[in-house]
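Some notes on the structure that comes next.
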DNA sequence: CTGAAAGCGCTTACAG
DNA sequence: CTGAAAGCGCTTACAG
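In structure tokens:
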């Protein structure tokens with residue numbers, strides 16, 4: 117192991133004291149041109165690179181942030197992750213990638229590591245599965261923001277950026293109703309966060325609004341988390357067996373894609389036999405056939421706003437609780453467009 | 117800002133010295149049961165969390181690793197990133213996400229930051245665009261591994277894990293030839309890394325092997341990098357205008373998907389009018405219609421092997437140069453299966 | 001088995 | 001304008 121070049125080495129070569137080198141590098145106090153030049157020259161000659169760890173230890177602040185995300189391979193989250201990381205970097209922060217797979221023990225492990233590493237802030241790209249973590253974390257009053265969910269840390273609410281998921285589901289039911297669907301099924305992964313709960317809530321409210329709830333609340337909600345396309349494929353079997361259903365509203369696009377696969381395997385024609393729509397408008401949703409009707413969320417904007425909020429808090433402004441809500445939009449594609457309704 | 121609880125605080129409460137607390141926590145030397153209990157109790161009462169920064173500074177080693185990746189939103193890379201991060205975590209390392217967008221200035225910025233933060237190692241998920249960085253970095257003799265490319269740092273080769281891309285292209289041409297294609301076009305993004313160069317090289321070699329190279333080396337290689345599906349869409353126009361072509365071999369799946377879109381927009385039937393295949397076997401390739409024939413790479417395995425190699429090096433074993441090569445396989449799907457050839 | 005001392009590489013008052 | 005001194009929170013010999 118080669119020893120690092122330190123400020124001391126630079127100081128010796130430049131013939132000044134070590135604090136003076138620090139001053140030159142950080143511009144903390146005035147120096148004569150002569151000293152400035154000598155120090156810069158020594159830095160260049162030695163290839164000196166400052167030690168961020170030592171600096172952070174002394175200043176009790178770092179330029180690192182932890183990003184908790186359930187699954188970076190999922191297109192929905194990778195798009196958010198990219199925006200978060202980019203926004204942080206543009207503001208001088210660097211990102212620890214914490215891929216939790218929705219596992220409480222990993223959530224705990226990561227949070228613990230982040231605290232040990234003195235991160236300046238934590239951004240959660242989903243509401244954690246294990247809410248008890250927020251209690252543990254509260255003592256460290258570390259800046260936090262939650263994207264795409266809402267939650268509390270101890271007594272305090274955590275600043276959050278959400279999309280109005282209740283409204284999203286209403287848009288979905290409204291659309292399905294308008295094309296003649298009356299027995300709409302809700303298919304979902306477990307409702308382990310506010311976003312999913314709201315989608316469910318909005319669905320139930322909308323059914324009620326259209327008078328569809330009497331005998332017809334049909335829903336398939338999985339009990340545990342696993343690959344979403346596979347999950348959709350499994351849910352698809354239950355949907356296939358229920359002859360009543362004329363429309364499927366899946367709580368995310370990957371589920372919808374899995375369901376479509378299963379139904380297609382059974383010879384069910386989409387959209388003619390049954391219509392289906394998803395939620396999120398991931399990249400793939402326009403590439404599958406039939407292309408998938410879905411609810412689009414301003415994901416990037418949401419990620420950016422959340423990150424900016426975190427940065428504001430980290431820079432020391434008042435930690436006011438804040439909740440931003442953004443509106444989703446309906447994207448109509450082939451999976452809900454029956455032959456008769458399609459443009460020539 | 118609340119002051120952190122330190123070992124000193126724990127020591128005072130437990131009535132022992134601060135180094136003793138350190139010993140208890142790290143098991144560095146024997147302690148009496150009584151002392152052990154007192155210290156543990158104090159830790160619990162105060163909610164003490166060790167400061168990894170201070171520890172790292174003293175020990176001159178961290179548990180962090182930098183992961184350079186061009187675009188986390190691209191399914192190919194997000195799959196690799198996930199595997200890398202997971203493998204690192206399982207071995208006690210935490211990952212800095214460095215999304216470079218193939219930009220040399222970002223590559224430089226990230227590498228610099230990683231060095232400042234004393235990462236224990238760097239894993240590159242592609243050959244960097246700016247090769248000069250490897251020269252700069254060589255002085256810091258920091259463990260590095262390169263996945264999916266091959267490159268040198270100063271005089272030394274960097275340990276790497278690659279897939280045999282030359283062979284992949286041969287498999288592709290062999291397949292296209294076997295189904296009757298004779299005028300095969302190569303479509304690609306810029307050949308900015310060894311992987312892409314090898315794919316191109318393998319293509320040319322295979323054409324030669326089958327005697328297809330006389331008047332028929334048709335290739336469209338873009339000059340700059342941008343969204344791959346869009347790029348494919350643009351390349352698709354050139355392909356459409358060249359009536360000679362009867363098969364397209366795209367250097368990655370997203371390009372192929374973009375090309376298919378464009379051709380479909382012009383009313384060209386795939387695979388009946390023209391066959392097309394991609395490279396990488398990304399998730400989407402089986403979901404598009406027609407599903408895409410492609411070359412599959414053991415991406416996950418490649419990522420895991422590379423990460424394990426990095427871990428070995430970081431743990432201090434001999435930094436032997438090593439190059440692992442893995443074999444790709446052909447996945448035949450609908451985009452190259454003409455009607456007559458399809459199973460009933 | 002336990003503690004006093006030195007030091008990792010920096011920053012930050014404070015003298016001069 | 002420059003430097004001596006103290007200290008961030010730890011670990012690591014080394015005494016006792």
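Protein chains in written order, with the working numbering: chain A, 117 to 460; chain B, 117 to 460.
Beta carbons: idealized from backbone N, C-alpha and C, even for Gly.
Problem - Segment contact flag, the stretch 163 to 173 of chain A with the stretch 261 to 268 of chain B, C-beta cutoff 8 Å, min 3 pairs - result: no
Handout entry: Which of helix, strand or coil DSSP assigns to residue 213(A)
Key = In the first chain, counting from the first residue as 1, residue 213(A) sits at position 97. In this structure, residue 213(A) counts as strand in the three-state DSSP scheme.
Practice task
Check residue 290(B) in the structure and name its three-state DSSP category.
Solution key: Within the second chain, residue 290(B) is the residue found at index 174, counting from 1. Of the three classes helix, strand and coil, the one that applies to residue 290(B) here is helix, per DSSP.
Exercise for the section: Please confirm if the stretch 227 to 237 of chain B is in contact with the stretch 372 to 391 of chain B, defined as three or more CB-CB distances below 8 Å between the two stretches. Expected result: no
Problem - Secondary structure of residue 396(B), DSSP reduced to three states - result: Position 280 of the second chain, counting from 1, holds the residue named residue 396(B). DSSP places residue 396(B) in strand when its eight states are reduced to three.
Practice task
Tell me whether the beta-carbon of residue 183(A) lies closer than 9 Å to the beta-carbon of residue 249(A).
Solution key: Translated into the one-based positions of the first chain, residue 183(A) becomes position 67. Translated into the one-based positions of the first chain, residue 249(A) becomes position 133. No, Cβ-Cβ distance for residue 183(A) and residue 249(A) is not below 9 Å.
Handout entry: Chain-ordered chain B contacts of residue 198(A) [CB-CB under 8 Å]
Key = Stepping through the first chain from its first residue, residue 198(A) is reached at position 82. 187, 188, 189, 215, listed in chain order.
Exercise for the section: Verify the CB distance criterion: does residue 173(B) have a CB-CB separation below 9 Å to chain A? Expected result: On the second chain, position 57 is the one that residue 173(B) refers to. Taking Cβ atoms only, chain A reaches closer than 9 Å to residue 173(B), which makes this a yes.
Exercise for the section: Compare the beta carbon distance of residue 185(A) and residue 213(A) with 9 Å and say whether it is the shorter of the two. Expected result: Here the question's residue 185(A) lines up with position 69 in the first chain. Here the question's residue 213(A) lines up with position 97 in the first chain. Contact: yes.
Problem - Same chain, Cβ closer than 8 Å to residue 286(B), neighbours up to 5 away in sequence not counted - result: Stepping through the second chain from its first residue, residue 286(B) is reached at position 170. Around residue 286(B): 318, 321, 322, 325.
Practice task
Can you give me the Cβ contacts of residue 307(B) inside the same chain, cut-off strictly under 6 Å, excluding the 5 residues immediately before and after it?
Solution key: For the purposes of this step, residue 307(B) is taken as the residue at position 191 of the second chain. Only 313, 316 meet the Cβ criterion.
Problem - Straight-line Cα distance separating residue 168(A) from residue 235(B) - result: As a first step, residue 235(B) must be located in the second chain, where it is residue number 119. As a first step, residue 168(A) must be located in the first chain, where it is residue number 52. One C-alpha to the other measures close to 11 Å.
Problem - Short Cβ contact (9 Å threshold) for residue 300(B) with residue 453(B) - result: In the second chain, counting from the first residue as 1, residue 300(B) sits at position 184. In the second chain, counting from the first residue as 1, residue 453(B) sits at position 337. Contact flag unset, no.
Handout entry: Contact set between residue 169(A) and chain B, taken where Cβ atoms lie within less than 8 Å
Key = Locating residue 169(A) in the first chain gives position 53, where the first residue counts as 1. Correct list: 169, 172, 173, 178, 233, 234.
Practice task
Go ahead and pull the three-state DSSP assignment for residue 201(B).
Solution key: Against the second chain, residue 201(B) aligns to sequence position 85. Helix.
Handout entry: Same chain only: Cβ atoms within 7 Å of residue 162(B), ignoring 5 sequence neighbours per side
Key = Along the second chain, one-based indexing puts residue 162(B) at 46. Excluding sequence neighbours, residue 162(B) sits near 121, 125, 126, 129.
Handout entry: Three-state class that DSSP yields for residue 189(B) in the structure shown
Key = Position 73 of the second chain, counting from 1, holds the residue named residue 189(B). Coil, per DSSP.
Exercise for the section: Output yes if chain B places a C-beta closer than 9 Å to the C-beta of residue 129(A); else output no. Expected result: The sequence position of residue 129(A) within the first chain is 13, counting from 1. Chain B, which has no Cβ nearer than 9 Å to the Cβ of residue 129(A), makes this no.
Problem - Closer than 9 Å to chain A by CB, residue 134(B) - result: Stepping through the second chain from its first residue, residue 134(B) is reached at position 18. Not closer than 9 Å to any Cβ of chain A, the Cβ of residue 134(B) fails to qualify, so no.
Handout entry: Between the CA atoms of residue 424(B) and residue 443(A) - distance to the nearest angstrom
Key = Indexing the first chain from 1 puts residue 443(A) at position 327. Indexing the second chain from 1 puts residue 424(B) at position 308. Distance between the alpha carbons of residue 443(A) and residue 424(B) is about 44 Å.
Exercise for the section: Could you confirm whether any beta carbon from chain A is found closer than 9 Å to the beta carbon of residue 202(B)? Expected result: Against the second chain, residue 202(B) aligns to sequence position 86. So yes, residue 202(B) belongs to the interface.
Handout entry: Residues that residue 403(B) contacts on chain A, provided the C-beta gap is smaller than 9 Å
Key = Here residue 403(B) is taken as the residue at index 287 of the second chain, counted from 1. The contacting residues are 345, 373, 377, 400, 403, 404, 405.
Practice task
Kindly indicate the opening and closing residues of the beta strand (DSSP E) around residue 302(A).
Solution key: Indexing the first chain from 1 puts residue 302(A) at position 186. Segment 300 to 304, the beta strand (DSSP E) holding residue 302(A).
Exercise for the section: Please report how far the alpha carbon of residue 447(A) lies from the alpha carbon of residue 360(B), in whole angstroms. Expected result: Counted from its first residue, the first chain places residue 447(A) at position 331. Counted from its first residue, the second chain places residue 360(B) at position 244. So the alpha carbons of these two residues sit roughly 39 Å apart.
Practice task
Give the straight-line distance between the Cα atoms of residue 147(B) and residue 139(B), rounded to the nearest whole angstrom.
Solution key: Your numbering for residue 147(B) matches position 31 in the second chain. Your numbering for residue 139(B) matches position 23 in the second chain. In a straight line, the C-alpha of residue 147(B) is about 8 Å away from that of residue 139(B).
Practice task
Out of 165(B), 131(B), 265(B), point me to the one whose CA is closest to residue 150(B)'s CA.
Solution key: As a first step, residue 150(B) is located in the second chain; it is residue number 34 there, counting from the start. Of 165(B), 131(B), 265(B), the residue nearest in Cα terms is 131(B).
Practice task
Sort 180(B), 187(B), 191(B) by Cα distance to residue 205(B) and report the nearest one.
Solution key: The residue labelled residue 205(B) in the question sits at position 89 within the second chain. Of the listed residues, the one whose Cα sits closest to residue 205(B) is 180(B).
Exercise for the section: Identify the contact partners of residue 212(A) in chain B, using a Cβ-Cβ distance below 7 Å as the criterion. Expected result: Stepping through the first chain from its first residue, residue 212(A) is reached at position 96. By Cβ distance, chain B contributes 210, 211, 212.
Practice task
State the beta-bridge partners of residue 312(A) as determined by DSSP.
Solution key: Locating residue 312(A) in the first chain gives position 196, counting from the first residue. According to DSSP, which records beta bridges pairwise, residue 312(A) is partnered with nothing at all.
Exercise for the section: Find the residues of chain B that neighbour residue 255(A), judging by a C-beta separation of less than 7 Å, and give them in chain order. Expected result: Position 139 of the first chain, counting from 1, holds the residue named residue 255(A). Simply 163.
Problem - Length of the line joining the Cα atoms of residue 402(B) and residue 396(B) - result: What you label residue 402(B) is simply residue 286 of the second chain in a count that begins at 1. What you label residue 396(B) is simply residue 280 of the second chain in a count that begins at 1. Each residue's alpha carbon lies about 11 Å from the other.
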